[in-house]
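J.: The structure's right below; bear with me while I get my questions together.
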Amino acid sequence: TSSAGTQRELFHPGATAATTSFLSSPPTSTAGNMSQQALNKIAPNSPSRAKPNEVETNVATALYELETNVPDMRGALRPLQFMSAREIEVGHGKKAIAIFVPVPLLGGWHRSQQRITRELEKKFSDRHVLIIASRRILPRPKRSNRSHTTLKQKRPRSRTLTAVHDAILTDLVYPVEIVGKRVRTREDGSKILKVVLDEKERGGVDYRLDTYSEVYKRLTGKGVNFEFPQHGDA
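Residue numbers (the working numbering): 62 to 295.
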């Protein structure tokens, strides 16, 4: 089981001169010297606000520097905060950075996500940056011998394991549309999910598919293959 799963908090045009200046040096802040303004990029209700790890410190600092130094991104970035961030091994010696954001702010992140991730990936070279909503999984209600007459409180469907895992898929590939899902049974009896993405986006994200698969497996413990339609697919 992944560490994210056990904590049950799982949760997406060319550079200006100002952007180029911002990208000239990697983030150097540590939790000990991070500015209060940068710290404010971490949501106040997040445990990471009090004790951010190195990745969270660097992400918060990078976001604040973008907000401060790139005027055309300032309005979009100012209201955005994140809950946590972590590096995830994605194979071949490479890593990705997963940034978990509050669900109510996901729409704001999505509106500027392609620009934000592009600038952060310049900052954190050789790392793909992924934006994922921080969603809580609620356990299945248990029957109690002492409460036969008590109506069980139903879980919102959005808080079930299946719904959260489906939402992670959508977040990982955003803004690319998922056009199909199939479960494939291997020869050894194990199953793997096959997720088909919109063909129109092939050229823009095909190099990220392995990252999507590895991050999804680390977060959920489930295998998945992302691909584009094959000839003859419906």
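Ideal Cβ placement from N, Cα and C applies to all residues, glycine included.
Assuming A159 and R172 make a contact with CB atoms under 8 angstroms, what is their CB distance in whole Å?
T.: Wrong, their Cβ atoms sit about 20 angstroms apart, outside the cutoff.
J.: Check the C-beta distance from V237 over to V266 and give it rounded, since I have them as a contact under 8 angstroms.
T.: The Cβ separation is near 6 angstroms, so the contact holds.
J.: On a CA-only basis, which of R216, P132 and F185 is nearest R201? Give me that one, please.
T.: When each option's Cα is compared against that of R201, the closest is R216.
J.: Can you name the start and end residues of the beta strand (DSSP E) that P163 belongs to?
T.: Where P163 is concerned, the enclosing beta strand (DSSP E) stretches over K155 to P163.
J.: Report the partner residues of G152 according to the DSSP bridge assignment.
T.: Note: G152 sits in a beta bridge opposite K155.
J.: Can you grab the Cα-Cα spacing for the pair K102 / F143, in whole Å?
T.: If you take the alpha carbons of K102 and F143, they lie about 6 angstroms apart.
J.: Measuring alpha carbon to alpha carbon, tell me which of A104, L233 and I198 ends up nearest V225.
T.: It is I198.
J.: Answer yes or no: do G169 and L127 have a C-beta to C-beta separation smaller than 8 angstroms?
T.: The answer is no: Cβ separation not under 8 angstroms.
J.: If you draw a straight line from the C-alpha of T118 to the C-alpha of A99, how long is it?
T.: The alpha-carbon atoms of T118 and A99 are separated by roughly 8 angstroms.
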